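S.K.:
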Amino acid sequence: MSHQVTGLRAWLLQRLSALYLSGYLLWALVYFSLHPVNDYAAWRALWMQPSMAIGTALLFIALLVHAWVGVRDVILDYVRPPLLRLSLLALLWGWLLVLAVWLARILTRVTP
Amino acid sequence: MTIPSKRPVFFHLLQLQLPVTALVSIAHRVSGMVLFLALPAAIWLLDRSLNDAEGFAAAGHMLEGWPLQLAVLVLLWALTHHLLAGLRLLLIDAEIGVERATARRTAWAVGIAALLALAVGALWL
Numbered sequence: 268m269s270h271q272v273t274g275l276r277a278w279l280l281q282r283l284s285a286l287y288l289s290g291y292l293l294w295a296l297v298y299f300s301l302h303p304v305n306d307y308a309a310w311r312a313l314w315m316q317p318s319m320a321i322g323t324a325l326l327f328i329a330l331l332v333h334a335w336v337g338v339r340d341v342i343l344d345y346v347r348p349p350l351l352r353l354s355l356l357a358l359l360w361g362w363l364l365v366l367a368v369w370l371a372r373i374l375t376r377v378t379p
Numbered sequence: 037m038t039i040p041s042k043r044p045v046f047f048h049l050l051q052l053q054l055p056v057t058a059l060v061s062i063a064h065r066v067s068g069m070v071l072f073l074a075l076p077a078a079i080w081l082l083d084r085s086l087n088d089a090e091g092f093a094a095a096g097h098m099l100e101g102w103p104l105q106l107a108v109l110v111l112l113w114a115l116t117h118h119l120l121a122g123l124r125l126l127l128i129d130a131e132i133g134v135e136r137a138t139a140r141r142t143a144w145a146v147g148i149a150a151l152l153a154l155a156v157g158a159l160w161l
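Taken in sequence, the protein lines are chains A and B.
Numbered as in the working numbering, the first sequence ends at 379 without a single skipped number.
Numbered as in the working numbering, the second sequence ends at 161 without a single skipped number.
Here it is, written out as structure tokens:
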């Protein structure tokens, strides 16, 4: 495992994804206060914009990376037996992969 | 290889007096786990809202009924707390607000702001 994510790299990924997540959230808060979406057509139309598709794809990546580092830290802090620890980390990987596929399918379905 | 430790261990949770910074830190972790556990529900809701007009309407009607309202309020608190406590840590990483007095003040501010968001959400629902 020479490409294990070291403490420093994970720390950096957590911070960078945090910046993107908070920036996106702020944008969404402002955008939806100014342009409330009241019907399905408007909601779908919003997702047809390429900027929305790219920005949200990045959001999903940042979200999964952020969740990965965070839950990994929790597992490393509290779960000591090596086998259980490895199993939980593998489970986390699998779970995030499932979510990633799900999110990718949503995005490819609604974007042009 | 473990050395038998002689350090005192005191884990009486009701008598431990943790500083506010520690409480906000613990709540940061708890809220993060709450948000992680809520991910499938949130993605499912997004999926449904984008599926068809009925799904969009159904997603909008989710807030009727108290069990889901309660869940949304918990998530509102978790998101606000996690976001603000996280921004506080980013500032501390940048060496802003590291002094103990300031760190305590900002911790109070984060904890109270998240509870305020919860209160506003409860009134609004």
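Think of the CB as a built atom: it goes at the ideal place given N, C-alpha and C, for glycine as much as any other residue.
Computed from a prediction, not measured in an experiment: that's the story for all the values here.
Using beta-carbon positions only, say whether B/W113 and B/A78 come within less than 8 Å of one another.
M.R.: Along the second sequence, read from residue 1 onward, the residue named residue 113 of chain B stands at position 77. Along the second sequence, read from residue 1 onward, the residue named residue 78 of chain B stands at position 42. Contact flag unset, no.
S.K.: Of all Cβ atoms in chain B, is any one closer than 8 Å to the Cβ of A/A371?
M.R.: The sequence position of residue 371 of chain A within the first sequence is 104, counting from 1. Not an interface residue.
S.K.: Mind checking B/H48: buried by the 16 CB within 10 Å criterion, or exposed?
M.R.: Sequence index remark: in the second sequence, residue 48 of chain B carries index 12 (1-based). Looking at its Cβ environment, which holds fewer than 16 other Cβ atoms inside 10 Å, B/H48 is exposed.
S.K.: Taking A/A334 as the query, report the chain B residues whose CB atoms sit under 9 Å from its CB, ordered along the chain.
M.R.: Here residue 334 of chain A corresponds to residue number 67 of the first sequence, with the count starting at 1. Ordered by position in chain B, the residues that pass the 9 Å Cβ test against A/A334 are G68, L71, F72, L75.
S.K.: Would the stretch 275 to 285 of chain A and the stretch 57 to 65 of chain B be scored as touching if the rule is three or more Cβ pairs under 8 Å?
M.R.: Contact fails: fewer than three Cβ-Cβ distances are below 8 Å.
S.K.: Under the three-state reduction of DSSP, which class applies to B/E100: helix, strand or coil?
M.R.: Position 64 of the second sequence holds residue 100 of chain B. Coil at B/E100, not helix or strand.
S.K.: Using the Cβ count rule (16 or more neighbours within 10 Å means buried), how would you classify B/L71?
M.R.: For the purposes of this step, residue 71 of chain B is taken as residue 35 along the second sequence, with counting starting at 1. By the 10 Å Cβ count, B/L71 comes out buried.
S.K.: Determine, using beta carbons only, whether A/L351 comes closer than 8 Å to chain B.
M.R.: The residue you call residue 351 of chain A lines up with position 84 of the first sequence. False, the Cβ-Cβ gap to chain B never drops below 8 Å.
S.K.: Along the chain, where does the alpha helix (DSSP H) containing A/M319 start, and where does it finish?
M.R.: The count along the first sequence starts at 1 and reaches residue 319 of chain A at position 52. Element bounds for A/M319: 317 to 345.
S.K.: Given B/V110, which residues of its chain have a CB within under 8 Å of its CB, disregarding the five upstream and five downstream residues?
M.R.: For the purposes of this step, residue 110 of chain B is taken as residue 74 along the second sequence, with counting starting at 1. So the list reads V70, once near-sequence residues are dropped.
S.K.: Closer than 7 Å: is that where the CB of B/L50 sits relative to any heavy atom of the ligand ZN?
M.R.: This structure lacks the ligand ZN; in fact it carries no ligand of any kind.
S.K.: Please compile the residues from chain A whose C-beta is within a distance smaller than 7 Å of the C-beta of B/A89.
M.R.: Locating residue 89 of chain B in the second sequence gives position 53, where the first residue counts as 1. The contacting residues are Y307.
S.K.: Where does A/G361 fall in DSSP's three states?
M.R.: Numbered from its first residue, the first sequence carries residue 361 of chain A at position 94. DSSP places A/G361 in helix when its eight states are reduced to three.
S.K.: Helix, strand or coil: which one does DSSP assign to B/A130?
M.R.: Taking the first residue of the second sequence as 1, we reach residue 130 of chain B at position 94. B/A130: coil per DSSP, three-state reduction.
S.K.: Quick check on A/G290: buried or exposed, where buried means 16 or more other Cβ atoms within 10 Å of its Cβ?
M.R.: Indexing the first sequence from 1 puts residue 290 of chain A at position 23. With fewer than 16 other Cβ atoms within 10 Å, it is exposed.
S.K.: Look up A/N305 in the DSSP assignment and say whether it is helix, strand or coil.
M.R.: Counted from its first residue, the first sequence places residue 305 of chain A at position 38. If DSSP states are grouped into helix, strand and coil, A/N305 belongs with coil.
S.K.: Please list the partners that B/S61 has in chain A, where partner means a Cβ-to-Cβ separation under 9 Å.
M.R.: Taking the second sequence and counting its residues from 1, one reaches residue 61 of chain B at position 25. Chain A residues near B/S61: none, gap ~12 Å exceeds 9 Å.
S.K.: Compute the distance between the beta-carbons of A/G337 and B/G68, then report whether it is under 8 Å.
M.R.: Numbered from its first residue, the first sequence carries residue 337 of chain A at position 70. Numbered from its first residue, the second sequence carries residue 68 of chain B at position 32. Going by C-beta atoms, A/G337 is nearer than 8 Å to B/G68.
S.K.: If you reduce the DSSP assignment to three classes, tell me which class B/D83 lands in.
M.R.: In the second sequence, the residue the question calls residue 83 of chain B occupies position 47. Here B/D83 sits in helix by DSSP.
S.K.: Starting from the C-beta of A/M315, find all residues in its chain whose C-beta is less than 6 Å away, skip the five residues before and the five after it, and write them out in chain order.
M.R.: To locate residue 315 of chain A, count along the first sequence from 1; it is residue 48. So the qualifying residues of the chain are P379.
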